[in-house]
Amino acid sequence: MALTVASSLSVEGVDWSKLDTILLDMDGTLLDLEFDNHFWGTVIPGEWGRPRGLDVKTSQETLAPLFADERGKLNWYCLDFWGRTLELDIPRIKAGYTEGIRWRPQAETFLQHLQASHLDVVMITNAHPLTLDMKAERLPMAQWFDAMISSHQYGVPKETPVFWDTLMTERPFDPQRTLFIDDSEYVLDSAEEFGIAHLLTLRQPDSSLPVRLTTRFPAILHFEEILDGLPDID
Ligand SMILES: [Mg+2]
352 MALTVASSLS
362 VEGVDWSKLD
372 TILLDMDGTL
382 LDLEFDNHFW
392 GTVIPGEWGR
402 PRGLDVKTSQ
412 ETLAPLFADE
422 RGKLNWYCLD
432 FWGRTLELDI
442 PRIKAGYTEG
452 IRWRPQAETF
462 LQHLQASHLD
472 VVMITNAHPL
482 TLDMKAERLP
492 MAQWFDAMIS
502 SHQYGVPKET
512 PVFWDTLMTE
522 RPFDPQRTLF
532 IDDSEYVLDS
542 AEEFGIAHLL
552 TLRQPDSSLP
562 VRLTTRFPAI
572 LHFEEILDGL
582 PDID
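Residue 421 in the numbering used here sits at position 70 of the sequence shown, and the numbers go up by one each step.
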């Protein structure tokens with residue numbers, strides 16, 4: 352596919368003077384997706400399988416179709432939904448794994464530069480508010496943002512047009528002067544359809560997985576690639 356070839360090219364910086372707003376995803380963009388992949392891919396199947404006498408691998412295979420059905424929907428990110436469906440106390444289990452929550456390389460430095468800039472810095476995440484609270488408690492995160500928005504507040508995930516319409520109503524921005532960075536290309540598709548002009552993805556959302564060599568959107572490995580033009584920090 353021609354698009355794949357084109358977007359494998361590296362990003363040649365960002366012209367920050369042409370932007371007023373930066374929208375940032377959390378998991379896989381600012382935070383290492385390894386935590387979530389490990390939690391949902393291994394810990395939860397393990398917890399679900401144990402009382403049923405199933406090993407992790409069997410549990411993973413058994414739950415795979417269920418997870419596949421919900422991908423891209425709000426339920427995918429909903430602790431209440433999975434708690435009910437799997438009959439597990441997800442917040443309690445998650446509370447036992449918080450040490451795995453960590454920044455992606457250079458993410459905090461990037462946020463410091465952004466805070467010193469003229470930009471409105473807004474986090475938009477599909478993470479459940481409980482997950483967001485847990486992560487923001489583990490890492491001092493709120494200090495870097497002008498606003499932090501969980502799509503659960505809108506009742507729809509970022510993958511849907513309604514999310515973007517609602518965001519525009521609640522916190523108006525100029526799509527032509529907005530940069531949105533997200534590791535999910537499905538989410539970026541939805542942002543592109545809405546009309547956001549500047550879109551970036553990440554080459555390695557999960558530090559335990561290989562770097563993505565082909566992406567459908569321009570991609571960076573680390574934030575240092577786009578720091579030029581932002582104010583210096585001490
Ligand atoms: Mg993400």
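For glycine and all other residues, C-beta sits at the position ideal for the given N, C-alpha and C.
The structure displayed is predicted, hence computed values, not measured ones.
>> My parser needs the alpha helix (DSSP H) runs of 4 or more residues fully inside the segment 472-508; what are they?
In response: 480-489
> Closest to S535 by CA distance: which of E521, A570, W495 and D525 is it?
Replying inline: A570
>> With a threshold of 7 angstroms (Cβ to nearest heavy atom), would S589 be considered close to ligand 1?
In response: Because the chain in this structure spans residues 352 to 585, residue 589 falls outside the shown range and cannot be described.
> Beta-carbon separation of L381 and A458 under 8 angstroms?
Replying inline: yes
> Do T529 and L417 have their CB atoms nearer than 8 angstroms?
Replying inline: no
>> Below 7 angstroms, is the gap between the Cβ of G379 and the nearest heavy atom of ligand 1?
In response: yes
> Nearest to Q411 by alpha carbon, out of R403, G392, W427 and R422?
Replying inline: G392
>> In whole angstroms, give me the CA-to-CA distance for D440 and W433.
In response: 9 angstroms
> Do you know offhand how far R455's Cα is from H573's?
Replying inline: 8 angstroms
> Can you find a heavy atom of ligand 1 that lies under 7 angstroms from the Cβ of D583?
Replying inline: no
>> By the three-class DSSP mapping on this structure, what secondary structure does A570 have?
In response: strand
> Got a sec, what are the start and stop residues for the alpha helix (DSSP H) H549 sits in?
Replying inline: Unbroken run through H549 is the beta strand (DSSP E), H549 to L553; no alpha helix (DSSP H).
> Between Q463 and I577, is the Cβ-Cβ spacing less than 8 angstroms?
Replying inline: no
> Could you give the distance in angstroms between the alpha-carbon of V362 and the alpha-carbon of G404?
Replying inline: 49 angstroms
> In the structure shown, what three-state DSSP assignment does L414 receive?
Replying inline: helix
>> Taking its Cβ as the centre, do 16 or more other Cβ atoms sit within 10 Å of V473, making it buried, or is it exposed?
In response: buried
> At what residues does the alpha helix (DSSP H) containing L375 begin and finish?
Replying inline: No alpha helix (DSSP H) contains L375, which is instead part of the beta strand (DSSP E) from T372 to L375.
> What's the C-alpha gap between L375 and R401?
Replying inline: 37 angstroms
> Is S368 buried or exposed, if buried means 16 or more other CB atoms sit within 10 Å of its CB?
Replying inline: exposed
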